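Chemist: Residue numbering for the sequence shown follows the numbering used here, beginning at 13 and increasing consecutively.
So that we are looking at the same thing, I have put the structure below in structure tokens.
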Amino acid sequence: MSTIQSSCAYCGVGCGVSVSSTQADWENVERTNLMLTGDMKHPANHGHLCAKGERLLDSLAQPNVLRYPMLRSAKPINWDDASSLIADKFAKTIAEFGPDSVALYLSGQLLTEDYYVANKFAKGYLKTANVDTNSRLCMSSAVSAMQACFGEDVVPGCYEDIDHADVIVLIGANTAWTHPVLFQRILAAKKANHSQLVVIDPIATATAKQADLHLAIKPGADLALFHGLLGFLADSNSVNHDYITAHTQGYDDIIESAQQLSCNLASLAKQLGVSLAALTQFYQLFIHDNKVLSASCQGVNQSVIGTETTQAIIHCHLALGHIGQVGSGFFSLTGQPNAMGGREVGGLATQLACHMGFSAPEQQLLANFWHVDGVANKKGLAAVDMFDALAEGKIKAIWIMGTNPVVSLPNSKKVAQALADCPFVVVSEITPDSDTAKLADVLLPAQGWSEKCGTVTNSERTISRQRGFMMPKGQSKPDWWAISQVAQKMGFKGFEYKSNASVFKEFASLSAQVKQTFASKVFDISGLANITQQEYDNLAPTQWPIASAEHIGQTGLRLFSQGVFATPSAKAQFIVPKSLNAGATADTAETIVLLNSGRSRDQWHTMTRTGHIASLRASIPEPIIQLHPNKLASLSLTDGDLVRIDALDDMQVDSEAQNKATARVVADEDMPANIAFMSMHWSAQFSLGKGVNQAIDNRVDLLSQQPGFKCQPVILTRVAPALQGVVFGLHDPTADGLCWQVAQTLSSGVCHHVGFSDTENSFSYQATPHSLSWSFTYNNQCFYVQCNMVKNSVTALKILSSSQIALALEPLNAFIGKQLDPAFIKQLHQQIQAGNSPLVCACTGVTQAQIADEINAQFDQQMFNDGLQQLSFANALDITQSTLGCGRQCGSCNSEVKQCAQLHWQQALSYTEHQYPNVTEEDVA
């Protein structure tokens, strides 16, 4: 069995994967002959993978793969004609309206080589910096903060710091779900080193439930929290004055406002929404010579004060002198596999390549290197501004690569309309099914993971090879190749690349010149400037800076450890915050909720890569919006209701649910009283109600231009279908009266969750003279059933009711294809009456019911063997997890498994206490 080492296609942890084949011939390898495991030697994951990573091979079976270039009319064209058309349209647009009338919108899913060629094409040859990336949506506030404080977009630490920290602080990061492999490393460090975990998040997330201290601050209060911490460090004489004097600037300007917060901790605690005891406990963790590692993610970044909040976190570590020290400092958790690689080549509209800005010397260096008479001479439009300009008609041609802005950008209805109205839209994709792909004038087939080759850079600055191992489908091509073809059609020299290795070598050579000219730049891969094809092919995971080829394979590097920074003064900067009073959300009216959006545990971005994988869809089959039960009561909503979500300024009457974000209500006691949560994954591709960003406006952080997705005020309006349920087998998605429709992939086939606005359409849907319809009542719920047949073989099964139905989808889908007879109806009724148990563990397929059965069995066994006095929940949970496997693979469901087990353990204990009323709680601890 031969093996190829590659890297995962998902988050910024950058896990290594090993793909093995039972076929010797990789050129014609079949999916069924492949096996994927974590790479034991990769420094990011040491063999561990999350549920999504474990199912990477399952992602390859796309329902609809784009194989050839295609026009909006769906007419296929060849690459030469497509390239000529794009070149002609871009050239004519620039000639008539100027270089800033065109734009490129890129993705953290692209490889570094793709990113480099795209930026060279636009900023060097088209002379526009209107090149931005979806990394703007997740990382740009952290970038802006590090640039301001350190002088460059540099994450100082590494993953090994987790293993050495005394205290780990996660801010706005549900790491158990978004970065499961890193979170397992955090839990291992807690166990091995007795390190303490602090989680700062308004919501009691899966991560917060496993913390030693959870600070459930008010949304937007984290800036005041950390600015107050800086004052507290000064008040307690815990700052490192020698370090501050020698290696920083601006401390004296900032400390007075910080101490104005810390001088009255009781008042600050009230402002933050936490107890004085909890706030004091948190602050005390920083002053006892502890090694404290702070890591932030989207809860901080996706805020209108994300840059200043990140700066405030960094300030505390600067004051302690802990930047670049083992087990200490600030760490930015990256959302995408190559968000950092894209930033390195200038993927943001506000940068040039190799972390350069737009100063005259930097422009000149780049122009000389690319052999052009000049490059873009000013910052371009960031993502939100770019699509606003598109809507205003200022941008007339755009090329979108590897991302789905119609779903992922705020105010997505406006984005969709802007693309629909744009004179010329090019989209590079692996599927024609995404919401954005459907608006393309020219659709180009890109190579996806498993086909393309190149490099990515993860959160800790480690460059890894992503290696292809399957033959590209149809005429799909690397993105760098597609751009190069268009560039050459436009008459540009310098795009005659023979391979991805030649692109990377040019990028490394540019890095060498930048480092030689601007010695203070920290980014450096000059040691790879002379890399050969074979060395590139065999490149081991390597952390930059890489000043010599001898550094290949290095890991565990920390930067700024000597206190020398990338600023003009070589000193880190304290920056006075201007938004202290603008961050925390005010109390909202009773009818308004603050809508928070983010990731679900088992899905990725807009689900184009994961939405068709049955095991990853099972845990959350429909769009849901989670609210506290008290909030539901105040809004006259109940668990299971459907609601439409409207922005406050978008309340016009609209009976068409497909024009609004729509979701099913879930009561969740872990939610704060005035906050709702809905995942960002849903789109028109999977749901009639589209996605959450329909209800999010395009407010941004003014320093980073990152959208403020978090906690925007919205109105929820109940959607009341006459009947709702599930359809298995044949389905007409255009049926009259549909007000709710969600497609869900099953292990064999697809089912559709549906809702109808009136009973007439509910009953007439797919009804024929040959269909059989009936109703029955069980547990006071009436079920309406319809079977469609061909030669008495069931081709469609419709099950509806006036309220939400709990159904076991996989067993019911198995009725499709069976013969309709009395036994069929009896078995169908039994299956409907059995209901459904929600999935808890995606890795093993374990449900709540299975956990309940096993934990009850363990309870009974302990009672029989040891008696009531010796009951141990910890032992029962351990055996349950060992037996079922839940929470023992990627670990992202650990808190859910424990919560489910505790609930049923307490129920068993409560029953026992009725029989043994004198037993105290301590007796069974």
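Heads up, the beta-carbon is just placed ideally off N, CA and C, and yes, glycines get one too.
Fair warning: this is a prediction, and the values are worked out from it, not measured in the lab.
#1: I believe ALA157 touches LEU592 by the beta-carbon criterion, under 8 Å. Please report the beta-carbon distance rounded to the nearest angstrom.
#2: So, for LEU758: in the same chain, excluding its five sequence neighbours on each side, which residues have a beta-carbon less than 7 Å away from its beta-carbon?
#3: What separation, rounded to the nearest whole angstrom, lies between the Cα atoms of GLN831 and GLY347?
#4: Can you check the stretch 296 to 374 for any alpha helix (DSSP H) of at least 4 residues that lies completely inside it and give the ranges in chain order?
#5: Can you find a heavy atom of the ligand NAD that lies under 7 Å from the Cβ of TYR22?
#6: The beta strand (DSSP E) that contains PHE788, what's its start and end?
#7: Which two residues bound the contiguous alpha helix (DSSP H) that contains ALA133?
#8: Just the C-alpha distance for LEU284 and CYS723, rounded to the nearest angstrom, thanks.
#9: How many angstroms separate the CA atom of ALA954 from the CA atom of LEU921?
#10: What's the call for MET368, buried or exposed, on a 16-neighbour Cβ count within 10 Å?
#11: Bridge partners of SER691, per DSSP?
#12: Within the continuous alpha helix (DSSP H) that includes PRO725, where are the two ends?
#13: PRO490 and THR448: beta carbons closer than 8 Å?
#14: Where do the N-terminal and C-terminal ends of the beta strand (DSSP E) with SER420 fall, by residue?
#15: Would TYR790 be called buried (16 or more neighbouring beta carbons within 10 Å of its own) or exposed?
#16: If you compare alpha carbons, which of VAL419, ASN423, ARG676 and LEU123 is closest to ALA403?
#17: Over the uninterrupted beta strand (DSSP E) stretch that includes ILE475, give me the two end residues.
#18: Quick one: grab the DSSP three-state call for TYR117.
#19: Taking Cβ to Cβ, would you say ALA675 is nearer than 8 Å to MET690?
#20: Return the CA-CA distance between ASN389 and GLU108, expressed in angstroms with no decimal places.
#21: Considering Cα atoms alone, identify which of SER440, SER488, GLU441 and ILE410 is closest to ALA430.
#22: Between ASP126, ARG621, PHE504 and ASN205, which has its C-alpha nearest ALA73's C-alpha?
#23: Within its chain, find whatever has a CB closer than 8 Å to the CB of SER14; leave out the 5 residues flanking it on each side and keep chain order.
#24: Just the Cα atoms here: how many angstroms apart are HIS259 and LYS527?
#25: Tell me whether ILE11 sits in a helix, a strand or coil according to DSSP, three-state version.
#26: What is the rounded straight-line gap between the Cα of SER716 and the Cα of ALA160?
#27: When the Cα of LYS583 is compared with those of GLU164, ARG473, LEU851 and TYR127, which residue comes out closest?
#28: Among residues of its own chain, excluding the 5 on either side of ILE817, which ones have a beta-carbon nearer than 6 Å to its beta-carbon?
#29: Determine, using beta carbons only, whether VAL179 and LEU345 come nearer to each other than 8 Å.
#30: With distances taken between CB atoms, is the gap from SER113 to LYS406 smaller than 8 Å?
#31: Assign SER667 to one of two classes, buried (16 or more other C-beta atoms within 10 Å of its C-beta) or exposed (fewer than that).
#32: Look at the Cβ atom of PHE370, then the Cβ atom of LEU377, and state whether they are nearer than 8 Å.
#33: Please report the straight-line C-alpha distance between PHE535 and LEU288, rounded to a whole angstrom.
#34: Label LYS53 either buried or exposed according to how many other C-beta atoms from any shown protein chain fall within 10 Å of its C-beta, with 16 as the threshold for buried.
#35: Can you name, in chain order, every residue of its own chain whose Cβ lies under 7 Å from the Cβ of VAL852, other than the five neighbours on each side?
#36: By Cβ distance below 7 Å, which residues in the same chain neighbour ALA361 in space, the five residues on each side in sequence not counted?
Modeler: Judging by the given coordinates:
#1: To locate residue 157, count along the sequence shown from 1; it is residue 145. To locate residue 592, count along the sequence shown from 1; it is residue 580. The beta-carbon distance between ALA157 and LEU592, rounded to whole angstroms, is 16 Å. This is too long to meet the 8 Å contact definition.
#2: In the sequence shown, residue 758 corresponds to position 746, counting from 1. Within the same chain, LEU758 has close Cβ partners ALA626, LEU821, GLU822 and ASN825.
#3: Counting from 1 along the sequence shown, the entry for residue 831 is found at position 819. Counting from 1 along the sequence shown, the entry for residue 347 is found at position 335. GLN831 and GLY347 have their C-alpha atoms some 49 Å from each other.
#4: Fully contained in the stretch 296 to 374 are the following alpha helix (DSSP H) runs of length 4 or more, in chain order: 310 to 313, 318 to 332 and 351 to 356.
#5: Of the ligands one can find in the structure shown there are none, so the ligand NAD has no counterpart to examine.
#6: Indexing the sequence shown from 1 puts residue 788 at position 776. Element bounds for PHE788: 784 to 790.
#7: Taking the sequence shown and counting its residues from 1, the one referred to as residue 133 is at position 121. The sequence given here places Phe at residue 133; Ala does not occur at that position. Per DSSP, PHE133 lies in no alpha helix (DSSP H) segment and is marked neither H nor E.
#8: Within the sequence shown, residue 284 is the residue found at index 272, counting from 1. Within the sequence shown, residue 723 is the residue found at index 711, counting from 1. So the two alpha carbons sit approximately 16 Å from each other.
#9: For the chain, the structure presents residues 13 to 937; residue 954 sits outside this window and is missing.
#10: Sequence index remark: in the sequence shown, residue 368 carries index 356 (1-based). By the 10 Å Cβ count, MET368 comes out buried.
#11: For the purposes of this step, residue 691 is identified with residue 679 of the sequence shown, where counting begins at 1. Answer is GLY610.
#12: As a working mapping, residue 725 is identified with position 713 in the sequence shown. Not the alpha helix (DSSP H): PRO725 falls in the beta strand (DSSP E), residues 724 to 731.
#13: Residue numbering aside, residue 490 sits at position 478 when the sequence shown is read from its first letter. Residue numbering aside, residue 448 sits at position 436 when the sequence shown is read from its first letter. Pairing PRO490 with THR448 gives a Cβ-Cβ distance that is not under 8 Å.
#14: Numbered from 1 along the sequence shown, position 408 holds the residue referred to as residue 420. Note, SER420: premise wrong, no beta strand (DSSP E); alpha helix (DSSP H) at 417 to 420.
#15: Residue numbering aside, residue 790 sits at position 778 when the sequence shown is read from its first letter. Exposed, by the Cβ-count rule.
#16: Translated into positions along the sequence shown, residue 403 becomes position 391. Among VAL419, ASN423, ARG676 and LEU123, the Cα nearest to that of ALA403 is on ASN423.
#17: Here residue 475 is taken as the residue at index 463 of the sequence shown, counted from 1. Run containing ILE475: 474 to 478, per the beta strand (DSSP E) assignment.
#18: Start at 1 with the first residue of the sequence shown, and residue 117 comes out as number 105. Of the three classes helix, strand and coil, the one that applies to TYR117 here is strand, per DSSP.
#19: Here residue 675 refers to the residue found at position 663 of the sequence shown. Here residue 690 refers to the residue found at position 678 of the sequence shown. Yes, these two residues count as a Cβ contact at 8 Å.
#20: Locating residue 389 in the sequence shown gives position 377, where the first residue counts as 1. Locating residue 108 in the sequence shown gives position 96, where the first residue counts as 1. Near 20 Å, if we compare the C-alpha coordinates of GLU108 and ASN389.
#21: Taking the first residue of the sequence shown as position 1, residue 430 is located at position 418. When SER440, SER488, GLU441 and ILE410 are compared, the shortest CA-CA separation from ALA430 is found for ILE410.
#22: For the purposes of this step, residue 73 is identified with residue 61 of the sequence shown, where counting begins at 1. Minimum Cα distance to ALA73 is reached at ARG621.
#23: Translated into positions along the sequence shown, residue 14 becomes position 2. These residues qualify, in order along the chain: SER32, SER33, ALA36 and TRP38.
#24: As a position in the sequence shown, residue 259 is number 247, starting the count at 1. As a position in the sequence shown, residue 527 is number 515, starting the count at 1. Distance between the alpha carbons of HIS259 and LYS527: 22 Å.
#25: In the structure as shown, the chain begins at 13 and stops at 937. Residue 11 is therefore absent and cannot be evaluated.
#26: Residue numbering aside, residue 716 sits at position 704 when the sequence shown is read from its first letter. Residue numbering aside, residue 160 sits at position 148 when the sequence shown is read from its first letter. Whole-angstrom Cα-Cα distance: 11 Å.
#27: Taking the first residue of the sequence shown as position 1, residue 583 is located at position 571. Residue GLU164 is the option with its Cα nearest to LYS583.
#28: Working through the sequence shown from its first residue, we reach residue 817 at position 805. Within the same chain, ILE817 has close Cβ partners GLY737.
#29: Position 167 of the sequence shown holds residue 179. Position 333 of the sequence shown holds residue 345. At a Cβ-Cβ threshold of 8 Å, VAL179 and LEU345 do not count as neighbours.
#30: By one-based count along the sequence shown, residue 113 stands at place 101. By one-based count along the sequence shown, residue 406 stands at place 394. The beta carbons of SER113 and LYS406 sit closer together than 8 Å.
#31: Mapped onto the sequence shown, residue 667 falls at position 655. Any reading at SER667 must be qualified, since the residue scores a pLDDT of 47, below 50, and its modelled position is unreliable; the value itself is stated next. Looking at its Cβ environment, which holds fewer than 16 other Cβ atoms inside 10 Å, SER667 is exposed.
#32: Numbered from its first residue, the sequence shown carries residue 370 at position 358. Numbered from its first residue, the sequence shown carries residue 377 at position 365. Between PHE370 and LEU377, the gap from beta carbon to beta carbon reaches 8 Å or more.
#33: Within the sequence shown, residue 535 is the residue found at index 523, counting from 1. Within the sequence shown, residue 288 is the residue found at index 276, counting from 1. When rounded, the distance between both Cα atoms is 42 Å.
#34: The residue labelled residue 53 in the question sits at position 41 within the sequence shown. Around the CB of LYS53, fewer than 16 other CB atoms lie within 10 Å, so the residue is classed as exposed.
#35: Along the sequence shown, read from residue 1 onward, the residue named residue 852 stands at position 840. Excluding positions up to five away in sequence, the list reads VAL858, THR859, GLN860, ILE863, CYS898, CYS905, GLU908, VAL909 and CYS912.
#36: Locating residue 361 in the sequence shown gives position 349, where the first residue counts as 1. Excluding positions up to five away in sequence, the list reads ALA141, ASN142, VAL143, ASP144, LYS391, GLY392, LEU393 and ALA394.
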